[in-house]
Amino acid sequence: AFSKAFCLLCVSLLPTMAVLRLALFQNLLAQAHAITWIKAGTGQGAVCAGIEESCSSVEACTTVAFGACGGLAAPVEYVQQHIVGIALISGSDGAYLKDSSLITEVTASSIANNKYRRYEANLPAGNSTYAMINSGAFYGSTPDESGAYLGTASYVLQSGWVSASTMTVTVA
Numbered sequence: 007a008f009s010k011a012f013c014l015l016c017v018s019l020l021p022t023m024a025v026l027r028l029a030l031f032q033n034l035l036a037q038a039h040a041i042t043w044i045k046a047g048t049g050q051g052a053v054c055a056g057i058e059e060s061c062s063s064v065e066a067c068t069t070v071a072f073g074a075c076g077g078l079a080a081p082v083e084y085v086q087q088h089i090v091g092i093a094l095i096s097g098s099d100g101a102y103l104k105d106s107s108l109i110t111e112v113t114a115s116s117i118a119n120n121k122y123r124r125y126e127a128n129l130p131a132g133n134s135t136y137a138m139i140n141s142g143a144f145y146g147s148t149p150d151e152s153g154a155y156l157g158t159a160s161y162v163l164q165s166g167w168v169s170a171s172t173m174t175v176t177v178a
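Mind the numbering: the sequence shown is residues 7 to 178 in the numbering used here, read in order.
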């Protein structure tokens, strides 16, 4: 089930509790969807980060693309990622690699309009600027009963230099 996925963010809750693997992504050589691009840097060293213009599904709303764009407004080739699934992992560190019964895959809720995306460019950070992309979906039965919003945060430095040891994420 996870042959094309990898764990991007792994968080140990407590040594005696289950380990929660938050974001599984499928990486693809990008193709046919229209992408809105944010350029970072100048000249031949510039890179671009982008999102799908259409946000009509969890997959489309969580797609983030990255590529070298140099002097162009958009890259000719790029890699994109989107959330494929969320997995809850139990047992000791690494035990799930030998025992697939320790993996519980959860899928996004079927509630209407289940998607979220926020992106901004040219955000100030001292004398620098950056762009951010937050996206995700609700997982659980219904928001009135139980579940959680799970998603990703992607950042690209547009200009300057930044050193950081923390990251601010949206919590509702």
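Where a beta carbon is used, it is the ideal one built from N, C-alpha and C, also for glycine.
Of all C-beta pairs linking the segment 98-106 to the segment 130-141, fewer than three are shorter than 8 Å, placing the two stretches out of contact. By the CB criterion at 8 Å, I41 and V64 fall outside the cutoff. Nearest Cα to Y84 within the set S62, I95, A55 and T68: A55.
Listed as beta-bridge partners of V112 by DSSP are I92. Here E59 is exposed, its C-beta having fewer than 16 other C-beta atoms within 10 Å.
Beta-carbon to beta-carbon, N140 and A159 are separated by about 5 Å, close enough to satisfy the 8 Å threshold. By a beta-carbon distance limit of 8 Å, T69 does not contact G157. Their separation comes to about 12 Å. Residue pairing of L156 in beta bridges, as defined by DSSP: A143. Annotation for C67: no beta strand (DSSP E) segment contains it, though the alpha helix (DSSP H) segment containing it runs V64 to C67.
About 7 Å separates the beta carbons of A143 and Y122, which is inside the 8 Å limit, making them a contact pair.
Within the same chain, and ignoring the five residues on either side of G153 in sequence, the residues whose Cβ sits closer than 7 Å to its Cβ are S115, F144, Y145, G146 and S147.
In the DSSP assignment, K45 is bridged to C54. When only Cα atoms are considered, I109 and S96 end up about 7 Å apart. Taking all protein chains in view, the Cβ of P149 is surrounded by fewer than 16 other Cβ atoms within 10 Å, so the residue is classified as exposed.
Using a Cβ distance threshold of 8 Å, V53 and G77 do not count as a contacting pair. Approximately 7 Å separates the beta-carbon atoms of A79 and W43; this is inside 8 Å, confirming the contact. The Cβ atoms of A137 and A71 do not sit closer than 8 Å to each other. If the five residues before and after V112 are omitted, its C-beta is found closer than 6 Å to the C-beta atoms of I92 and Y145, all from its own chain and listed in chain order.
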